[in-house]
Structure formats: structure tokens, C-alpha cells
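> The structure follows.
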Amino acid sequence: MKVVLEHLTKRFPSRSKKGDDVIAVNDFDFEIPDGKLIGLLGPSGCGKSTTLNLISGLEAPTSGRILFGDDDVTRLPPENRGVGLVFQNYALYPHLTVLENIMFPLQNLKGADRPTKPQMIERAKTAAKLVQIDGLLDRKPSEMSGGQQQRVAIARALVKMPRVLLLDEPLSNLDARLRLQTREEIRRIQQETGITTIFVTHDQDEAMSISDMIVVMKSGILQQIGAPQEVYDDPVNLFVATFLGVPPINVFDGSVKNGRLYLGDQAVLSVKGVSDQKVAVGIRPEGFVLDAQGPMEVQLNRVEVMGRDTSVVSTHPASRNVQIRSIIPARNKVDKEAAAVRFSLMPDKVFLFRADTEERIPVDAQ
Amino acid sequence: MKKRSMKGWLYLLPAMLFLGAFMVYPLIDVLIYSFEEGYNSASQTYFGVGLYNYSRVLHDHYFLQAVQNTFLLVIITVPLSTLIALGISLGLNAIKPLRNLFQTVYFLPYVTNTLAVGLVFMILFKKTAYTDGLINLMIQWFGGQSVDFIDGPYWAKMFVLCFYTIWVVMPFKILILTSALASVNPEYYSAAKMDGTKSFRIFYKITLPMISPMIFYLVITGFIGAFKAYSDAIALFGTDLNAAGMNTIVGYVYDMLYGSSGGYPSYASAAALILFAIVLTITCINLMISKKSVHY
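Respectively, the protein sequence lines represent chains E and D.
For the first sequence, position 116 matches number 185 in the numbering used here, and the numbering has no gaps at all.
For the second sequence, position 227 matches number 542 in the numbering used here, and the numbering has no gaps at all.
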């Protein structure tokens with residue numbers, strides 16, 4: 070089921086009388102294609118959970134519409150939308166067993182929709198099997214690990230066969246190892262069921278690794294939508310560029326003069342078609358190439374060997390960050406004792422942004 | 316090692332002395348008194364040892380009356396006050412404006428002196444030469460017969476006593492239950508809302524199990540408190556409770572010790588131990604029931 074948001078806005082009234090309303094979600098207008106896994110990504114407080122609550126029906130939008138396929142569900146209560154929601158803390162009822170928890174949504178159904186008790190148990194068991202907890206049906210939530218509880222929560226959300234599955238920070242309560250495992254699991258479940266799945270996260274790594282599409286948000290405003298690699302390779306502004314990528318992008322104050330990009334007084338790259346101006350420059354860590362004749366000279370701090378590749382930590386007068394981190398293949402040896410290192414830059418890893426609005430400045434292909 | 320444990324006992328000594336002098340010793344003494352027949356507190360002598368004190372108390376008309384009163388009071392007030400307090404707490408939890416005001420109002424009886432409350436109840440219920448009392452005025456206004464609630468028929472006096480007890484114990488229960496309700500994670504309610512759970516089912520399947528430990532606590536302490544009722548009856552019916560027919564078990568114990576018919580520590584001890592046996596039994600039954608219905 071594709072999900073369409075049309076000019077969706079949610080304002081919360083200010084706590085104090087004088088303060089302005091908080092706009093948690095500001096004019097969202099995009100379409101989530103059917104059967105995909107979508108990551109809503111942004112820092113804390115950017116409105117991603119509110120967006121999820123609007124889609125689930127727990128919150129009503131101030132204005133705008135939500136469509137599932139061609140159905141307008143904006144005014145429908147949650148239970149009539151056909152959505153399943155997995156809460157950040159799972160919200161499993163602690164006094165009920167796993168089976169009772171999974172059956173709970175079915176027991177609320179009325180009339181012709183209501184399955185018989187054996188059917189309910191059957192459907193609950195099918196859902197439990199899908200998330201691989203069918204051996205633990207008699208346990209109480211407190212007798213299970215965090216990862217198992219999460220699976221129960223997903224099974225409970227899936228048992229009504231929702232059109233859309235929503236997950237709120239699904240991995241935030243798991244330890245690092247379980248996180249890797251569970252995100253694969255979410256991917257698998259999504260692909261097996263084919264249900265359009267939207268999940269919220271502040272962890273870009275998580276979003277990039279399993280999403281078909283990511284939606285980057287900041288302070289209630291949509292920044293960019295696209296396949297993870299596209300967004301990474303082609304960020305629309307400085308925020309998106311800095312938010313995506315580990316280690317983060319290196320940001321410099323630079324200027325363009327006569328089609329050349331200057332960092333301090335070093336002309337590091339030719340940028341055709343850009344008028345003379347001050348710019349913010351983002352260079353991905355993997356965009357540096359060790360080159361004795363390279364145009365960019367940095368003061369070397371240290372070299373970190375990570376096996377597969379080498380991380381060069383250095384400083385540069387024009388850098389906005391305290392340190393610059395560049396990743397180079399391990400076979401390129403760096404003299405650890407040297408005071409300075411020279412790099413040349415990969416043009417497709419260097420992004421220019423306007424100094425005032427931080428919007429991306431297009432550079433002609435070379 | 317030995318030195319260290321000596322030190323530990325030394326630290327425990329003050330508490331143990333106080334507990335021993337004011338709790339353990341009296342408890343043992345009560346037990347001994349209850350078996351000493353014909354004990355005279357002035358000469359500190361007794362005739363023999365046996366169960367006579369128990370038999371005497373159990374055949375005492377006033378004691379049986381007191382047991383009946385106490386049981387009625389317990390059976391009526393504990394469930395009623397808990398249910399009403401639960402209703403009020405749910406209401407308080409549901410409203411936003413004026414919540415603090417209502418919470419304060421409901422809590423006021425808790426900080427009011429029992430005797431002062433008793434005085435107010437006298438004004439409400441007591442018949443005097445000048446007035447029939449506020450409640451009777453209202454009954455007459457609706458065309459009913461006025462009833463003497465303080466010196467009248469047994470059921471009327473019992474009604475006042477129960478009413479009074481419920482009113483006095485309610486604030487504490489409301490306080491406990493509102494905080495229990497407030498501590499239920501709102502995510503559970505969101506989860507229930509996602510599935511379109513009916514509000515009765517939310518209450519029965521989610522809220523009630525979540526606050527069941529607190530309800531259980533209130534029921535247990537409510538039972539024990541009601542079994543130990545005494546001052547409430549005094550506040551309403553005066554000190555001669557036997558004459559009013561409204562004595563309670565604790566009242567009987569007190570009367571046996573200090574009342575106008577008093578001076579019998581042996582009978583008092585026997586009555587007190589009977590009360591202890593009753594409370595113990597009821598609490599054990601409560602604990603057994605709770606195993607099934609309380610979710611921690």
C-alpha cells in the first residue's frame with residue numbers, strides 16, 4: 070500500500086501563553102511507494118516520531134491529508150486505518166503471556182471481522198513463527214530478552230495484517246550486536262510480508278543499511294528523500310551532508326575565485342561554472358587521495374590503522390571541525406613522522422554549499 | 316571476625332532494647348495474661364492457668380455484639396471505600412482542569428482530626444431537642460420519616476458508622492490510587508488505542524492489572540484497619556459503646572482494661588488474641604486470593 074502525505078502539518082500549542090506554536094511537522098508532501106522499507110531519519114526533536122504518530126492515527130494533523138493508496142485516512146481512528154505500530158519501548162502488556170499479547174488486537178475486533186478463538190490462536194502463532202518466537206508463547210514479557218520482546222511487539226503489530234507497518238526507533242533499546250542482527254531481521258520480515266514499512270531512527274547507519282528509501286528531516290522540515298546511496302552522494306544541503314556518513318563529512322570555509330576552489334590560500338580543485346563567492350565546502354573522508362604533488366596540504370596529527378584502511382587525522386586552518394579525518398586504502402603508506410601530508414581531492418566527493426543558506430551549489434561535471 | 320560481629324550487635328542494641336521492652340515483652344505478657352485465671356492486677360495474683368478467659372469472653376454478650384459490629388463494618392466499608400476511591404481516582408485521572416483542586420478537596424479528610432469529623436457528623440445526623448439534624452431535614456423534605464441516627468435503630472447507627480469510616484479512609488486510598496494510575500506507562504494506552512480497544516476493556520485488561528498491587532495493598536491494610544476500628548465509634552456514639560450497642564473488638568478490649576466495667580487485663584488479653592487470630596486468618600485468605608489476581 071503506498072502512503073501519500075499531502076501538505077501534512079502538525080502544530081503543538083506552546084506551553085507558555087506568549088510562546089509561538091511548535092511546528093513539529095511542517096508541510097510534508099511526499100509519497101512512499103508500495104512494499105518498500107522507508108527510514109525516517111533525523112536528529113532528536115526533528116518531528117520524525119510525530120510524523121509516525123500522524124500516519125498511525127494516534128495524533129491528528131493540524132492540516133493536510135494522509136492517503137493509503139487511494140483511501141483518505143486522515144480522519145479515521147487508528148484501528149480503522151489498517152496500521153500496525155511497534156512502540157519504542159515495545160509496550161507489551163506485562164501481565165499477559167506472549168500469546169495473549171499477540172492475540173490482544175484480534176480480541177478487539179467486532180462482528181464479522183472477529184475470528185473464532187482457534188482462528189485467533191492460529192493467526193497469533195503464524196505471526197509468532199514469522200518473527201521466530203513460536204517457542205516462547207507461554208512466557209511473560211519480563212522473562213524475555215530485549216530482542217525477543219521486540220519480536221513479540223512486531224508480531225503483535227503484524228497479527229491484524231496491517232496495510233502499513235510503523236516502527237518507532239526499533240533498535241534503540243538493543244545492544245550493538247543485537248542491533249545489527251535485528252535490523253537484518255526487520256528487513257527479512259518486511260520482504261517476506263511485502264508490507265509497506267516505515268521506521269523512525271536517529272541513527273543514519275541503521276537507516277542507510279536497510280532502507281529502500283530514506284527521508285531526512287530537520288526541525289519539522291523535510292530535507293531530502295531518496296535511495297540511501299543517492300542521498301549520500303548528492304546531498305541537497307550542508308545538513309544532509311553532515312548528517313549522513315560515518316566518519317562524518319569534513320567541513321571547511323572556502324571561497325571560489327575564477328573557477329577555482331580555495332581553502333585558505335590553497336587552490337585545491339577546479340570548479341567550473343561557479344561564480345566567485347564564499348562557500349562552505351564538504352569533503353567526504355574517502356574523497357582524499359594521498360598525492361605528494363597534491364594541491365591540499367594538511368598538518369598531520371596522527372595515523373590510525375584500521376586494517377582494511379587507514380584513517381589520517383590532521384588539521385587545516387580553513388577547517389570548521391577541530392580535526393580532519395580522511396580515509397585512505399591501507400596499501401598507501403603514510404609517513405607517521407611527517408609534519409604535513411599532501412592530498413589531491415576526488416571531485417565527486419567534494420560538495421559546495423552557499424555560505425548563507427547552506428544550499429548545495431551545483432558544479433559542472435568535468 | 317568475632318570482634319566485627321560484636322560491633323554489629325552493639326549497633327543493633329538500642330533498637331532491640333526498645334523493641335524488646337515495648338513490643339516483644341508486652342506481646343508475651345498478653346499471651347500469659349490471657350491464660351491466667353482470676354488475675355488481680357492490684358495484688359498481681361491469679362488462681363490458675365487455663366482457657367477460662369477465652370470461654371468467658373466468647374460467651375460475653377457484649378463481645379459477640381462487638382464482633383458482629385466489627386465484621387459488618389469490615390465487610391461493608393473495605394469493598395465500598397476501595398471501589399468508590401477507584402472511581403474517584405479514575406475520574407481525577409481523566410480530567411485536566413481543576414484536578415489539583417479536587418485532589419486537595421478529596422485529601423482534606425485525611426488531615427482532619429477524627430473527633431472534629433465526628434462532631435460534624437453529629438451535626439449532620441444527631442437528633443436533639445432543637446433540631447433533627449441536617450440529614451433528617453433532607454429526608455423530611457423528600458417526604459420521609461426522620462430517623463434517629465445516633466440513638467435510634469441499629470441499622471441507622473451502623474449506617475452512620477460505615478458512612479463515617481468510608482469517608483475517613485477514602486482520602487488515603489484516593490491518594491494511592493491516583494498515583495498508581497498516573498504511573499501506568501501511557502504507551503500501553505497508545506498501544507491499546509492502536510488496536511481500537513474499547514474503554515471498558517482497556518480498564519479491565521490493562522489498567523486494573525497494572526494497578527492491582529496497589530489495590531491489593533489497600534484491601535489488606537483496609538481489612539486490618541477496619542478490624543482495629545475504635546476511635547470512629549467513640550467519635551460518633553460517645554465512650555459508652557456497650558450501652559449504644561456499637562462497640563468494636565478493640566473497644567471491648569479497651570473497656571475490659573480501663574472502662575467503667577474494666578480492670579480485667581486477662582479478659583482484655585484473650586479478646587485481643589482472638590482479634591489477632593481473626594486478622595491473621597483474613598490476611599492469609601487475602602494473600603492466597605491475591606496470588607491469582609495480582610500482577611507484579
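Every residue, glycine too, gets a C-beta built ideally from N, C-alpha and C.
Listed in chain order, which residues of the stretch 154-169 of chain E have Cβ atoms closer than 9 Å to some Cβ of chain D?
154, 156, 157, 158, 159, 160, 161, 162, 163, 164, 165
> Using 6 Å as the cut-off, classify the Cβ of residue 259/E as near or not near the heavy atoms of the ligand ADP, replying yes or no.
Questions concerning the ligand ADP fall outside what the structure shown contains, since it holds no ligand whatsoever.
> Under 8 Å by Cβ, that's how I've got residue 457/D and residue 450/D pegged, so tell me the actual separation to the nearest angstrom.
Within the second sequence, the letter at position 142 stands for residue 457/D. Within the second sequence, the letter at position 135 stands for residue 450/D. Their Cβ separation, rounded to whole angstroms, is 11 Å, which puts residue 457/D and residue 450/D out of contact at 8 Å.
> Since residue 380/E sits in a beta bridge, which residues does DSSP pair it with?
Against the first sequence, residue 380/E aligns to sequence position 311. Looking at the DSSP assignment, residue 380/E forms a beta bridge with 373/E, 396/E.
> Taking DSSP's pairing of strands, which residues face residue 78/E in a bridge?
The count along the first sequence starts at 1 and reaches residue 78/E at position 9. Answer is 132/E.
> Can the beta-carbon of residue 74/E be found less than 7 Å from the beta-carbon of residue 99/E?
For the purposes of this step, residue 74/E is taken as the residue at position 5 of the first sequence. For the purposes of this step, residue 99/E is taken as the residue at position 30 of the first sequence. Yes, they are a contact pair.
> Contact criterion: CB-CB distance below 7 Å. Does residue 177/E meet it with respect to chain D?
Within the first sequence, the letter at position 108 stands for residue 177/E. By this cut-off, residue 177/E is an interface position.
> Can you find a C-beta in chain E that's less than 7 Å from the C-beta of residue 509/D?
Mapped onto the second sequence, residue 509/D falls at position 194. Yes, contact with chain E.
> Run through chain C and tell me which residues come within less than 8 Å of residue 118/E, C-beta to C-beta.
This model lacks chain C altogether, as its protein chains are E and D.
> Using alpha carbons as the reference points, say which of 174/E, 128/E, 237/E, 144/E lies closest to residue 276/E.
The sequence position of residue 276/E within the first sequence is 207, counting from 1. For residue 276/E, the nearest C-alpha among the options comes from 237/E.
> Buried or exposed, going by whether 16 or more other CB atoms sit within 10 Å of the CB of residue 197/E?
Counting from 1 along the first sequence, the entry for residue 197/E is found at position 128. With 16 or more Cβ atoms within 10 Å of its Cβ, residue 197/E is classed as buried.
> For residue 532/D, does the three-state DSSP call read helix, strand or coil?
Against the second sequence, residue 532/D aligns to sequence position 217. Helix at residue 532/D.
> In the stretch 469-500 of chain D, which residues sit with their C-beta less than 9 Å from some C-beta in chain E, listed in chain order?
500
> Could you tell me which chain E residues have their CB closer than 7 Å to the CB of residue 512/D, listed as they occur along the chain?
If you number the second sequence from 1, residue 512/D lands on position 197. Those are 177, listed as they occur along chain E.
> Taking DSSP as the reference, what is the three-state secondary structure of residue 142/E?
Within the first sequence, the letter at position 73 stands for residue 142/E. If DSSP states are grouped into helix, strand and coil, residue 142/E belongs with coil.
> Return no unless some Cβ of chain D is closer than 7 Å to the Cβ of residue 239/E.
As a position in the first sequence, residue 239/E is number 170, starting the count at 1. No, residue 239/E does not count as interfacial toward chain D.
> Does residue 177/E come out as helix, strand or coil in the three-state DSSP assignment?
Translated into the one-based positions of the first sequence, residue 177/E becomes position 108. Residue 177/E falls in the coil class under three-state DSSP.
> Taking only runs that begin and end inside the stretch 261-324 of chain E, name each unbroken beta strand (DSSP E) of 3 or more residues, in chain order.
265-270, 282-287, 290-295
> Please name the residues in the stretch 524-546 of chain D whose beta-carbon is closer than 9 Å to at least one beta-carbon of chain E, in chain order.
524, 525, 527
> Measuring alpha carbon to alpha carbon, tell me which residue in 191/E, 255/E, 428/E is nearest residue 219/E.
Along the first sequence, one-based indexing puts residue 219/E at 150. Nearest C-alpha to residue 219/E: 255/E.
> What are the uninterrupted segments assigned as alpha helix (DSSP H) that are 4 or more residues long and contained completely in the stretch 515-560 of chain D, given in chain order?
Those alpha helix (DSSP H) runs which fall completely within the stretch 515-560 of chain D and span 4+ residues are 523-542, 546-552, 556-559.
> Can you tell me which residues form a DSSP beta bridge with residue 429/E?
Here the question's residue 429/E lines up with position 360 in the first sequence. Paired residues: 422/E.
> How would you list, in chain order, the residues of chain D whose beta-carbon sits under 7 Å from the beta-carbon of residue 173/E?
The sequence position of residue 173/E within the first sequence is 104, counting from 1. Residues of chain D whose Cβ lies closer than 7 Å to the Cβ of residue 173/E are, in chain order, 510.
> Closer than 7 Å by C-beta to residue 583/D: which residues in its own chain qualify, once you throw out the five before and the five after it? Chain order, please.
Within the second sequence, residue 583/D is the residue found at index 268, counting from 1. Only 568, 571, 572 meet the Cβ criterion.
> Can you tell me whether residue 259/E is helix, strand or coil according to DSSP?
What you label residue 259/E is simply residue 190 of the first sequence in a count that begins at 1. Helix.
> Suppose you measure from the CA of residue 160/E to the CA of residue 487/D; what does that come to, to the nearest Å?
For the purposes of this step, residue 160/E is taken as the residue at position 91 of the first sequence. For the purposes of this step, residue 487/D is taken as the residue at position 172 of the second sequence. CA-CA distance, residue 160/E to residue 487/D, rounds to 30 Å.
> Got a sec: is the Cβ-Cβ distance from residue 148/E to anything in chain D below 7 Å?
Reading the first sequence from its first residue, position 79 is the one you call residue 148/E. With a threshold of 7 Å between beta carbons, residue 148/E makes contact with chain D.
> Hey, could you find the ends of the beta strand (DSSP E) residue 329/E is sitting in?
The residue labelled residue 329/E in the question sits at position 260 within the first sequence. Run containing residue 329/E: 329-332, per the beta strand (DSSP E) assignment.
> At the level of alpha carbons, what is the spacing between residue 142/E and residue 148/E?
Position 73 of the first sequence holds residue 142/E. Position 79 of the first sequence holds residue 148/E. Those two C-alpha atoms are separated by around 11 Å.
> Got a sec? Which residues, its chain only, sit under 8 Å from residue 384/E by beta carbon, not counting five neighbours each side?
On the first sequence, position 315 is the one that residue 384/E refers to. Only 367, 368, 370, 391, 392, 393 meet the Cβ criterion.
> For the alpha helix (DSSP H) containing residue 84/E, name the first residue and the last one.
Residue 84/E sits at position 15 when you count from the first residue of the first sequence. Residue 84/E -> no alpha helix (DSSP H), and no H or E assigned at all.
> Is it right to say residue 306/E is buried, meaning 16 or more other beta carbons lie within 10 angstroms of its own, or is it exposed?
Sequence index remark: in the first sequence, residue 306/E carries index 237 (1-based). Residue 306/E should be labelled buried.
> Sort 401/E, 320/E, 416/E by Cα distance to residue 364/E and report the nearest one.
Residue 364/E sits at position 295 when you count from the first residue of the first sequence. Of the listed residues, the one whose Cα sits closest to residue 364/E is 416/E.
> Ends of the alpha helix (DSSP H) at residue 593/D?
By 1-based counting over the second sequence, the position of residue 593/D is 278. Where residue 593/D is concerned, the enclosing alpha helix (DSSP H) stretches over 580-608.
> How close, in whole Å, do the beta carbons of residue 564/D and residue 533/D come, if the pair is a contact with beta carbons under 8 Å?
As a position in the second sequence, residue 564/D is number 249, starting the count at 1. As a position in the second sequence, residue 533/D is number 218, starting the count at 1. Wrong, their Cβ atoms sit about 22 Å apart, outside the cutoff.
> Since residue 462/E meets chain D, which of its residues come closer than 7 Å, beta carbon to beta carbon?
Outside the shown range of chain E, which is 70 to 435, sits residue 462/E, and nothing can be said about it.
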